[in-house]
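S.K.: This is the structure, below, for whatever I ask next.
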Amino acid sequence: MTRIDAKFADLKAQGKKAFVSYIMAGDPDMETSLEIMRGLPAAGVDVIELGLPFTDPMADGPTIQLAGQRALEGGMTLLKTLEMAAAFRKDDDTTPIVLMGYYNPIYSMGVETFLKAAKEAGIDGLIIVDLPPEEDSELCLPAQEAGLNFIRLATPTTDDNRLPRVVQNTSGFVYYVLITGITGSAEADAGDVAPEVVRIRDASGLPVIVGFGVNTPAKSQAIAEVADGVVVGSAIVARIAAGDSVADVLGFVKSLADGAHAA
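If you want the working numbering, it's the position in the sequence shown, counting the first as 1, plus 23.
Written out as structure tokens, the structure reads:
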């Protein structure tokens with residue numbers, strides 16, 4: 024059982040919904056992003072999504088694209104991202120960390136080398152958005168053999184014919200992308216979520232976490248009420264980009280987490 028599996032089992036036992044927070048590793052710099060990361064659990068975050076900076080983040084909107092650019096310009100790399108995770112693990116051995124990004128940096132490092140380093144750094148799961156199920160042998164299956172969850176995205180265009188293929192090797196949870204488009208491009212509508220959550224949960228047997236377009240505590244609560252949890256990224260990254268203090272960023276995160284946990 025991974026930390027992700029344990030976390031969702033614990034939340035289910037408590038009758039609670041999950042709050043998942045995304046930050047970009049190294050934004051605005053490694054020291055500040057690590058300070059924010061260390062404060063996320065106390066702010067109510069159940070699972071941390073740690074963004075891996077990449078030069079061509081095709082699924083991400085301007086907010087996260089710019090965060091990645093800032094991180095890369097500050098010298099952030101895949102190795103340094105894993106070092107950041109390892110530094111977090113020195114003080115927290117329970118909060119799950121999901122590394123979210125694109126395959127190119129992993130491919131460049133080498134899958135076997137990467138998986139060994141990720142496991143040693145305390146990474147629990149991967150979301151690699153540009154590897155479809157047809158490429159499961161590339162990273163998904165080796166990751167699961169190494170003891171990491173491989174989390175897949177489902178979208179409004181994932182129909183009943185496609186869904187079984189999408190979830191067949193997925194573990195940990197399924198990330199349902201509420202909108203068709205890039206991150207931060209539209210607001211979420213809870214009314215569209217409930218039937219999709221049921222459909223995906225029935226197909227996968229896994230918790231369904233909903234993201235893209237969640238940006239307020241009220242929206243966080245509304246989505247969590249019809250899903251197993253909610254993930255917020257762009258709204259948090261925007262606060263970092265605006266120069267908010269670490270305390271203010273974490274205060275905003277707590278408001279979002281409180282919304283999800285009130286569901």
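Cβ atoms here follow ideal geometry from the backbone N, Cα and C, with glycine treated the same way.
Being a predicted model, the structure only gives us computed values, none of them experimental.
Taking 8 Å as the threshold, find out whether the stretch 60-69 comes into contact with the stretch 98-106 through three or more Cβ pairs.
M.R.: no
S.K.: Comparing C-alpha positions only, which one of P76, K35, V121 sits nearest to S44?
M.R.: Closest option to S44, Cα to Cα, is V121.
S.K.: How should P187 be labelled, buried or exposed, when 16 other C-beta atoms within 10 angstroms of its C-beta is the threshold for buried?
M.R.: Looking at its Cβ environment, which holds fewer than 16 other Cβ atoms inside 10 Å, P187 is exposed.
S.K.: Starting from S131 and walking both ways along the alpha helix (DSSP H), at which residues does that stretch end?
M.R.: 126-132
S.K.: If A66 sits next to A283, beta carbons under 8 Å apart, how far is it from one beta carbon to the other, in whole angstroms?
M.R.: Between A66 and A283 the beta-carbon gap is near 12 Å, outside 8 Å, which marks them as no contact.
S.K.: CA-CA distance, A258 and A29?
M.R.: 27 Å
S.K.: Is it buried or exposed, T136, if we count other Cβ atoms within 10 angstroms and call 16 or more buried?
M.R.: exposed
S.K.: May I ask you to list the residues that DSSP assigns as paired with S44?
M.R.: I71, V255
S.K.: For the alpha helix (DSSP H) containing G234, list its first residue and its last residue.
M.R.: G234 -> not in any alpha helix (DSSP H); beta strand (DSSP E) instead, spanning 231-234.
S.K.: When you compare the CB positions of N192 and L164, do they come within less than 9 Å of one another, or not?
M.R.: In this structure, L164 lies closer than 9 Å to N192 by Cβ.
S.K.: How many whole angstroms separate the CB atoms of V260 and V233, which I take to be in contact at a CB cut-off of 8 Å?
M.R.: Going by Cβ atoms, the distance from V260 to V233 rounds to 18 Å, so no, they are not a contact pair.
S.K.: Quick check: what's the CA-CA separation for F196 versus L171?
M.R.: 12 Å
S.K.: Taking only three categories from DSSP, how would you classify L279?
M.R.: When DSSP states are grouped into helix, strand and coil, L279 belongs to the helix group.
S.K.: For the beta strand (DSSP E) containing V197, name the first residue and the last one.
M.R.: 197-200
S.K.: Can you give me the C-alpha to C-alpha distance between S208 and K35, rounded to a whole angstrom?
M.R.: Below a pLDDT of 50, predicted positions are generally treated as unreliable, and S208, at 47, falls in that range; the measurement from the model is reported next regardless. Roughly 31 Å between the two C-alpha positions.
S.K.: By how many angstroms is the C-alpha of G124 removed from the C-alpha of Q88?
M.R.: 11 Å
S.K.: Between the alpha carbons of K39 and I27, how many angstroms are there, rounded?
M.R.: 15 Å
S.K.: CA-CA distance, G97 and I263?
M.R.: 15 Å
S.K.: Report the start-end ranges of each beta strand (DSSP E) in the stretch 47-103 that is 3 residues or longer and not cut off at the edges.
M.R.: 70-74
S.K.: Taking 9 Å as the cut-off, decide whether the C-beta atoms of F42 and V254 are in contact.
M.R.: yes
S.K.: Let's test the definition: count the other Cβ atoms within 10 Å of the Cβ of D33 and tell me whether it reaches 16, buried, or not, exposed.
M.R.: Label assigned to D33: exposed.
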